[in-house]
Amino acid sequence: MLQDRTCLVTGASRGIGRGIAEELGRYGANVVVNYRSSEAEAYDTVDAIKEEGGTAIAVQGNVADFEDVQSMHETVRDAYGPVDVLVNNAGITVDKKFENMTREDWDRVVEVNLGGVYNCTKVCFEDIRQAHEGRLINISSVVGQQGNYGQANYAATKSGLFGFTRTIALELASEGSTANCVAPGFVKTDMLDPVPERVKEGILERIPLDRFAEVEDVVGVVRFVASEESSYMTGQVLGVNGGMEW
Ligand SMILES: NC(=O)c1ccc[n+]([C@@H]2O[C@H](COP(=O)([O-])OP(=O)(O)OC[C@H]3O[C@@H](n4cnc5c(N)ncnc54)[C@H](OP(=O)(O)O)[C@@H]3O)[C@@H](O)[C@H]2O)c1
């Protein structure tokens, strides 16, 4: 279904990004596994894709650094040609109550979660526009929809993706390419680990399906958005959150 499509997944060494990379590989894509520092995990992801008969390479690059992203894009083009599908997945949290949140805490999150999305979309934009049904997929969060105590910086970046995605959707539409957001709820990855148990219990009470998401709950939705089956869907936010209202 994604045969010969070049799919770049940022932050694919671990967690949701890794799951997405493996899923796209399973469906025939040429997968680019981006990572910042987890080199061994990134190569594990590549090996896992290859073991299932897929095609993948790992490319190091800090998405917040424009020169890194330009060089990553050149590596991808040399290996597989232009990018058909960009999944902006890399993201970080620096959680604090707003009264304790410094400007540095704010900037760190904005630089990766929004600056990284700008950088990667900027270098891939022309590829996606000119691709046959190119796809931009931004991984947002239910936190961008609802807000979350101690995550003003993170929530702002994840809400920011809605306006960005909607706008890029308009700018890609004339060529038949699309831009959409996938907004997961709370997913069992390293990102959820530091959240104290009592806070997790409070979150769980707000999830109608009464469980945290597995990575596998998210990846099939991303694969659908990446595929030609989603041709007539653009500028949308797909919530994958166990029924949390917003
Ligand atoms: N987990 C959740 O509950 C949840 C819910 C909703 C949305 N999300 C979103 O889903 C995405 C993935 O989250 P996750 O839970 O899978 O996180 P994770 O397990 O912490 O993994 C984060 C990934 O992003 C990469 N990364 C971080 N900063 C980077 C940078 N500057 N440049 C390149 N790569 C970078 C990491 O690579 P290195 O290890 O190499 O640094 C890692 O591969 C994020 O955008 C997150 O906001 C997560």
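So that you can map any letter, position 7 of the sequence shown is 1473 in the working numbering, and since no number is skipped, the others follow by simple counting.
We put the beta carbon where it would ideally sit given N, CA and C, even for glycine.
Predicted model only: the values in this text are computed from it and were never measured.
Next on the checklist: Given the structure, does D1656 come close to ligand 1, in the sense that its CB is under 6 angstroms from one of the ligand's heavy atoms?
Outcome noted: The residue labelled residue 1656 in the question sits at position 190 within the sequence shown. Answer for D1656: yes, Cβ within range of ligand 1.
Item to check | ligand 1 heavy atom lying under 6 angstroms from the CB of A1597 | outcome: On the sequence shown, residue 1597 is found 131 positions in, with the first residue counted as 1. Because no heavy atom of ligand 1 lies under 6 angstroms away, the Cβ of A1597 does not count as near it: no.
Item to check | Collapsed DSSP secondary structure at N1558 in the structure displayed | outcome: Here residue 1558 refers to the residue found at position 92 when the sequence shown is read from its first residue. Here residue 1558 turns out to be Ile, not Asn, going by the sequence shown. Residue state, collapsed to three classes: coil.
Checklist entry - Going straight from the alpha carbon of A1514 to that of A1487, what length do you get? => result On the sequence shown, position 48 is the one that residue 1514 refers to. On the sequence shown, position 21 is the one that residue 1487 refers to. Those two C-alpha atoms are separated by around 10 angstroms.
Checklist entry - For S1697, which residues of its own chain have a beta-carbon under 7 angstroms away from its beta-carbon, when the five flanking residues on both sides are left out? => result For the purposes of this step, residue 1697 is identified with residue 231 of the sequence shown, where counting begins at 1. Excluding positions up to five away in sequence, the list reads E1599.
Checklist entry - What number of angstroms, rounded off, separates the C-alpha of D1544 from the C-alpha of G1610? => result As a working note, residue 1544 is residue 78 in the sequence shown. As a working note, residue 1610 is residue 144 in the sequence shown. Near 36 angstroms, if we compare the C-alpha coordinates of G1610 and D1544.
Next on the checklist: Going by the DSSP bridge assignment, what does T1644 pair with across the sheet?
Outcome noted: By 1-based counting over the sequence shown, the position of residue 1644 is 178. Beta-bridge pairing links T1644 to R1601.
Item to check | Among T1511, F1532, V1529, A1530, the one whose alpha carbon lies nearest that of A1522 | outcome: If you number the sequence shown from 1, residue 1522 lands on position 56. Here the closest residue by C-alpha is T1511.
Next on the checklist: Let me check you understand the geometry: is the CB of N1614 closer than 6 angstroms to at least one non-hydrogen atom of ligand 1?
Outcome noted: Position 148 of the sequence shown, counted from the start, is the residue given in the question as residue 1614. The answer is no for N1614.
Checklist entry - Relative to ligand 1, is the shortest distance from any of its heavy atoms to the C-beta of I1486 smaller than 6 angstroms? => result For the purposes of this step, residue 1486 is taken as the residue at position 20 of the sequence shown. Incorrect: I1486 has no Cβ contact closer than 6 angstroms to ligand 1.
Next on the checklist: For the pair the stretch 1626 to 1642 and the stretch 1673 to 1684, tell me if three or more CB-CB distances fall below 8 angstroms.
Outcome noted: no
Checklist entry - Looking at G1582 and A1556, is the spacing between their C-beta atoms short of 7 angstroms? => result Translated into the one-based positions of the sequence shown, residue 1556 becomes position 90. Translated into the one-based positions of the sequence shown, residue 1582 becomes position 116. Yes. Within cutoff.
Item to check | Beta bridge counterpart(s) of Y1501 as assigned by DSSP | outcome: Sequence index remark: in the sequence shown, residue 1501 carries index 35 (1-based). The partner list for Y1501 (beta bridge, DSSP) reads Q1526.
Checklist entry - Y1615: buried (16+ other C-beta within 10 angstroms of its C-beta) or exposed? => result Working through the sequence shown from its first residue, we reach residue 1615 at position 149. With fewer than 16 other Cβ atoms within 10 Å, it is exposed.
Item to check | Euclidean distance between Cα positions of D1550 and E1533 | outcome: By 1-based counting over the sequence shown, the position of residue 1550 is 84. By 1-based counting over the sequence shown, the position of residue 1533 is 67. Answer to the nearest angstrom: the Cα atoms are 21 angstroms apart.
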